[in-house]
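First the structure, in the form of C-alpha cells, and then the observations on it.
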Amino acid sequence: MASNAHLRRALHYVFKIPDRSLTMRFYTDVLLMRVLRHEEFEKGCLAACNGRYDGFWSKTMVGYGSEDDHFAMELIYNYGVDKYKKGNEFKGIVIQMSNVLKRAQENRWTVQQENDKSYVEAPGGFKFYVEEDSSERKDPVRQVIYSCTNVEKTRRFWVTMLGCEVVESGDDFLEVAYDKSKTSLRFEKIFEPIDRGEAYGRVAFACPRNQLPEIEAQVKNADIGTVITPLVSLETPGKASVEVVILGDPDGHEICFVGDEGFHELSKEDPEASQVLQEKMKEYDAYVEKVQRRDRRF
1 MASNAHLRRA LHYVFKIPDR SLTMRFYTDV LLMRVLRHEE FEKGCLAACN GRYDGFWSKT
61 MVGYGSEDDH FAMELIYNYG VDKYKKGNEF KGIVIQMSNV LKRAQENRWT VQQENDKSYV
121 EAPGGFKFYV EEDSSERKDP VRQVIYSCTN VEKTRRFWVT MLGCEVVESG DDFLEVAYDK
181 SKTSLRFEKI FEPIDRGEAY GRVAFACPRN QLPEIEAQVK NADIGTVITP LVSLETPGKA
241 SVEVVILGDP DGHEICFVGD EGFHELSKED PEASQVLQEK MKEYDAYVEK VQRRDRRF
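Numbering (the UniProt record's numbering), first residue to last: 1 to 298.
Here it is in C-alpha cells:
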C-alpha cells in the first residue's frame, strides 16, 4: 500500500453530456449545484478528457462548493455530438440532501424508484440516488457507484496498489475512499462483461505532483490495471497547466491522478463562469440555427 496515500483526495467525476442546456438545468435547478468554472477548447485533450473526439469541446465544473474541499461534476460537451451509447460501467451517484425530490417534482423532473431507493436521472441517463437525510453533510455528494466483475481484483488494485482505505465490503461489493469522511467509491459486482459504451466517464484524484511518476511506474510494473496515458502536461487557455496520469482499473474504469499544485490554481472558482457558459450556449444555438436555415435552402 502506498505510504503517502493520505495526501490524495477525490476531486470529481467526468460526464460526457449530450444536451448542455437541459443538463445545466438539471444540475442547477434540481440538484442546486452551482457553476464553478467553464472552459472552452479548440482541439481534443491529450489525455482524452473529452473522449475520443478531436473537435471543439467545453468543460463545465459544477458542485456544492470550492473544488478544494468538495467533490464536483465535470461536464464535457463535444460540439456537434448529441448522443452517446450508454454502457453498464456506471451505476450512479448518491446525493445526501433534503428537498431534492420536491425540487425535482417542481421542475417537472421524474422521480423514479429502484429497490426502495429514489433517484432522478440527468440527461444522458445518469442516475442520482437521493438520500433525504436530516443530518446533511458539508458536501452532499456522498458516493460514486460503479459496476465491477471481480471484487477481489478491484480490492487489490484500489486498496493494495493505490492505497485507498476500505470503508465497507462484502462478497459482492467494495466501498473505498482516501478520506472516509469524504466522497467514496462503491463497486458492485455484476455477472456480465463491463460495457463502457461511448458515455463512459472518469474519476479524478489529486496528489502531490511528485507522486505522479511513482503512481505510473507502480501500475506499469504490476500485473493488474493499465496505464492509459503516461504522465503528460495539459494546457487550459488562459489558466494554469496541470500534469496528469490516466490509469485503468481491472474493469477498465478510468482514473485520473493530477498534480495538486497545478490543479489548485486551475480549479479556482470563477464568479463569471455561469454568465460565460450562458453566452457560449447562446452563441452555439445561433450558429446551429444559421446552419439549419442555410441547409433548408438547398
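Note that the Cβ used here is the ideal one computed from N, Cα and C, for glycine as well. Here the structure is a predicted model, which is why all the values come from computation and not from measurement.
Option nearest residue i by Cα separation, candidates the options
i	options	result
Ser-233	Leu-7, Arg-9 and Ala-47	Ala-47
Gln-96	Leu-162, Val-130 and Asn-78	Val-130
Glu-254	Leu-101, His-12 and Asp-54	His-12
Asp-139	Tyr-77, Lys-102, Ile-93 and Glu-39	Ile-93
Pro-230	Ser-98, Gln-112 and Ile-215	Ile-215
Arg-9	Glu-67, Phe-90 and Thr-154	Glu-67
Arg-196	Gln-112, Lys-91 and Arg-156	Lys-91
Glu-114	Tyr-64, Glu-106 and Phe-128	Phe-128
Pro-237	Arg-52, Arg-108, Met-33 and Lys-59	Lys-59
Test item: CB-CB of residue i and residue j under 8 Å
i	j	result
Phe-71	Val-141	yes
Glu-175	Ser-181	no
Ala-5	Tyr-178	yes
Glu-121	Val-100	no
Val-30	Ala-104	yes
Phe-157	Phe-173	no
Cys-256	Arg-202	yes
Glu-40	Lys-280	yes
Exposure label - residue i; buried when at least 16 CB within 10 Å
i	result
Thr-160	exposed
Glu-283	exposed
Phe-191	exposed
Asp-82	exposed
Gly-170	exposed
Pro-250	buried
Leu-75	buried
Asn-50	buried
Cut-off 7 Å between Cβ atoms - residues of its own chain near residue i, not counting five sequence neighbours on either side
i	result
Val-199	Residue identity check: residue 199 is Ala in the sequence provided, not Val. So the list reads Lys-16, Tyr-84, Lys-85, Lys-86, Gly-87 and Gly-124, once near-sequence residues are dropped.
residue 300	What the structure shows of the chain is the stretch from 1 to 298, and residue 300 is not part of that stretch, so it cannot be assessed.
Ile-228	Ile-246, Leu-247, Gly-248 and Glu-254
Cut-off 6 Å between Cβ atoms - residues of its own chain near residue i, not counting five sequence neighbours on either side
i	result
Arg-37	Met-61, Asp-270 and Ala-273
Phe-56	Glu-42 and Tyr-79
Whole-Å CB distance - residue i paired with residue j, under 8 Å assumed
i	j	result
Gly-252	Arg-209	Their Cβ separation, rounded to whole angstroms, is 26 Å, which puts Gly-252 and Arg-209 out of contact at 8 Å.
Val-151	Lys-189	6 Å
Gly-225	Leu-247	6 Å
Leu-266	Val-35	About 16 Å; that fails the 8 Å criterion.
Same chain, Cβ closer than 8 Å to residue i, neighbours up to 5 away in sequence not counted
i	result
Thr-154	Cys-148, Leu-174, Phe-187, Asp-249, Pro-250 and Asp-251
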